[in-house]
Every structure is written in structure tokens, then in C-alpha cells.
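Last residue of the sequence shown: number 251 in full-length UniProt numbering, and the count goes up by one each step with no gaps. What follows is a single structure, written as C-alpha cells, with notes after it.
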Amino acid sequence: MFSILQDYLKCFQQLFLKEKYRIFIIFMVRFPGQYGTQDHQLWMIYFIIPGLIIINFIIPLLILLLLMINKNRLDKIKIRRHISYLLNEYRIEKFYWEQIKLLKKAIFIFILTNFETEVVLNASLLGLSLLIYQKLATFHQPFINQKLNNLVLQSSQICSISILLALIKQICEQNDYFGSSIMIQFFIIACFIKMCCPFIFDFARNYKKFYKYLFIQINFCIRKYQISFLQFCQKIFWIKKNREIESIIYL
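See below:
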């Protein structure tokens, strides 16, 4: 749900920018008017602004209201795990954290859309937004499991470091420091791996518990067929060797 809202939010925000508006019109909407004309202003008033209000405020508030109403019934809803797998991990009084996450994503989209060419300003605003998000996450501690709270804080810190490294890399490329740029690129990849490893290991550990019996059966079958295959190869080898010995004797 939130992923779909992000795409629509980005499309609506792009229509406020002149250069983005032209690209958007050519490839997606094919609106006949030009930027800044009366037709475009009417379109913004009656379509773009109401769309932003619906996507930014009305739909998230309705989702939050629905969660608040059903917060004591989440464990009894059979389709809950198909809606959001983290709902049961929130503290009962911290269900508003989904709203904060959606607001953070909306701010990121706004910054990336409106300040795409201003690299330094873009990185500074993104870093400031992540810093505020880290402070909120540290103060509110929205998850019951402290490990999830630590993962949220750790991932935000790694993202902030990656943004700073990306800014330094951009400056190095502008000044033709290609060696430093390549080295910083490896650091960015290392940050990405560092951020993904805890989630990957946790998922692997959980799936190992669920499918432990299946893995044991697969391992047993592999070893069984491996032994059978080795015995078959040895048998073929000895048959071939005996034939060679017999041919030498007959000669």
C-alpha cells in the first residue's frame, strides 16, 4: 500500500516542476497545455492539489484510524499478515509510527524531486531528515522487540553515512579525483552490505527454524544420491579397468 502511494506521490509532485512537468506530459499524460498556462493552473487546482491531499493526508489518516480501531483485534484477523507483517510488533500506544514512516518517505520524495540538480543541498536535506528520524526512533522506541528498534536506528545511521560518502564521491568526480571516487564507491557498497546483513541473517535464521526438517531431508537425499553416484562411478571405473587388463592378457 505504501509503495503504491509513493509512486503516485512522486508523479503528483513532479507536475509542480517546469522541467519535470514537460517530461511527465510527453511520456505519461500527454496533456496539451504548457507549464504556467491557465489550463495548467486549473489542472493543478482541480486535480493535482486534491490528489496530493488525498494521498498525503486522507488515505494515511484513514489507515491510521483503521489500525487504531482494530489494534486489539490484530491477532484475531486472519489476513493481517498479508496487510503488514510488522503490525503485531508495534507497541499498542505506538501505532502512529506507520504515519511517521509514510511522512518520512513523502519528505524524501519531495527533496529528491525538487532538488535533483542541487547535489549538496539534496544530500544536506536528506541527512537532516534522517537525523530527525533517528531522534524520533530513539525517543519513541515504537517496536516491542528492542532488536527491531536497534535495527531501525542502525539502518538510519548507515544511510546517513552513505549519503555523505555519495556527496564526497560526487565532488571527487567533479574535480577528476577518480581514484578517490572509486575507493569511496567501495565504502558505499560496504555500507550497503552492512545494512542488509542483519536483515538477511535474521530472515535466514527464522526460515531455518521453520524449514529445518525439510533441509534435513534434502541433505539426507543429497548424501544418499552422492554415495550412490560415487559407487556407480567406482563400479564403472573397475569394469573399464578389468576390461583393459583382459585385453592386455589376450594380447
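Using N, Cα and C, we set each Cβ at its ideal position, and we do this for glycine too. On a predicted model such as this, the values are computed, not experimentally measured, just so you know.
Please determine, among Ile-184, Cys-172, Ile-92, the residue with the shortest C-alpha to C-alpha distance to Gln-141. Here the closest residue by C-alpha is Ile-92.
Where Phe-139 sits in the DSSP three-state scheme: In the structure shown, Phe-139 falls within a helical segment according to DSSP collapsed to helix, strand and coil.
Run of the alpha helix (DSSP H) containing Lys-94, from where it starts to where it stops: Note, Lys-94: premise wrong, no alpha helix (DSSP H); not H, not E.
For Phe-95 and Phe-47, what's the separation of their Cα atoms in angstroms? In this structure, the alpha-carbon of Phe-95 lies about 31 angstroms from that of Phe-47.
If I follow the unbroken alpha helix (DSSP H) through Ile-53, where does it start and stop? Bounds of the alpha helix (DSSP H) holding Ile-53 are 49-53.
Cys-191 beta carbon less than 8 angstroms from that of Ile-161: In contact: Ile-161 and Cys-191 (Cβ atoms closer than 8 angstroms).
Where Val-66 and Leu-102 are concerned, what is the direct C-alpha to C-alpha distance, given to the nearest angstrom? One point to set straight first is that residue 66 is Leu, not Val, in the sequence displayed. Distance between the alpha carbons of Leu-66 and Leu-102 is about 16 angstroms.
Closer than 8 angstroms to chain B by CB, Gln-134: The displayed structure is made up of one protein chain only, and chain B is not part of it.
Just curious, the alpha helix (DSSP H) that Ile-144 is in, first and last residue? Boundaries for Ile-144: no alpha helix (DSSP H) harbours it, and the DSSP string shows neither H nor E there.
Just to check my reading of the structure: Ser-129 and Phe-143 have Cβ atoms closer than 8 angstroms, yes? What is that Cβ distance to the nearest angstrom? That pair is no contact at about 21 angstroms.
Kindly list the residues whose CB is nearer than 7 angstroms to the CB of Ile-158, restricted to its own chain and excluding five residues on each side of it in sequence; keep chain order. Here the set comprises Cys-191, Lys-194, Met-195.
Please name the residue, chosen from Ser-156, Ile-168, Ile-54, that lies closest to Leu-136 on a Cα-to-Cα basis. Of the residues Ser-156, Ile-168, Ile-54, the one whose Cα lies closest to the Cα of Leu-136 is Ser-156.
Quick one: measure Cβ to Cβ for Leu-165 and Ile-189, integer angstroms, because I've assumed they're closer than 8 angstroms. About 10 angstroms separates the two Cβ atoms, so there is no contact after all.
Neighbourhood of Pro-198 by C-beta, 8 angstroms cutoff - its chain only, sequence neighbours within 5 removed: Excluding residues within five positions, the ones whose Cβ falls inside 8 angstroms are Leu-151, Gln-154.
Inter-residue CB distance, Ile-111 and Asn-122 (contact presumed, cutoff 8 angstroms): The pair is a contact, with the Cβ atoms about 6 angstroms apart (cut-off 8 angstroms).
Roughly how many angstroms separate the alpha carbons of Ile-216 and Asn-242, rounded to a whole number? Linking Ile-216 to Asn-242 through their CA atoms gives a straight-line distance of about 39 angstroms.
Identify, in the order they occur along the chain, each residue of the same chain with its Cβ nearer than 6 angstroms to the Cβ of Gln-170, setting aside the five sequence neighbours on each side. Counting only Cβ-Cβ distances below 6 angstroms, and skipping sequence neighbours, we find Val-119.
If Gln-99 sits next to Leu-148, beta carbons under 8 angstroms apart, how far is it from one beta carbon to the other, in whole angstroms? With a contact defined as Cβ atoms closer than 8 angstroms, Gln-99 and Leu-148 miss out at about 18 angstroms.
Assigned exposure category for Met-28 - 16 Cβ within 10 Å defines buried: Bear in mind that the predicted position of Met-28 carries a pLDDT of just 43, short of 50, making it unreliable; the figure below should be weighed with that in mind. By the neighbour-count rule (16 or more Cβ atoms within 10 Å), Met-28 is not buried but exposed.
Note down, in chain order, each residue of its chain lying with its Cβ closer than 8 angstroms to the Cβ of Asn-145, except the 5 sequence neighbours on either side. Contacts found: Glu-89.
Suppose the cutoff is 6 angstroms on Cβ atoms and the five residues either side in sequence are ignored; what does the same chain contact list for Glu-173 look like? Taking C-beta separations shorter than 6 angstroms and ignoring five residues to either side along the sequence, the partners of Glu-173 in its chain run Ser-181, following chain order.
Among residues of its own chain, excluding the 5 on either side of Lys-104, which ones have a beta-carbon nearer than 6 angstroms to its beta-carbon? Counting only Cβ-Cβ distances below 6 angstroms, and skipping sequence neighbours, we find Tyr-133.
Excluding the five sequence neighbours on either side, which residues of its own chain have a C-beta within less than 8 angstroms of the C-beta of Trp-238, listed in chain order? Once the five neighbours on either side are set aside, Trp-238 has no close Cβ partner at all.
Since Ile-200 and Ile-184 should fall inside the 8 angstroms C-beta cutoff, what is the C-beta to C-beta distance between them, to a whole number of angstroms? Actually they do not touch by this definition, with Cβ atoms about 24 angstroms apart.
Determine the closest residue to Ile-55 out of Met-44, Ile-45, Ala-106, with distance taken between C-alpha atoms. Checked all of Met-44, Ile-45, Ala-106; the closest Cα to Ile-55 is Ala-106.
What's the gap between the Cα of Gly-179 and the Cα of Ile-163? Using only the alpha carbons, I get a separation of about 19 angstroms.
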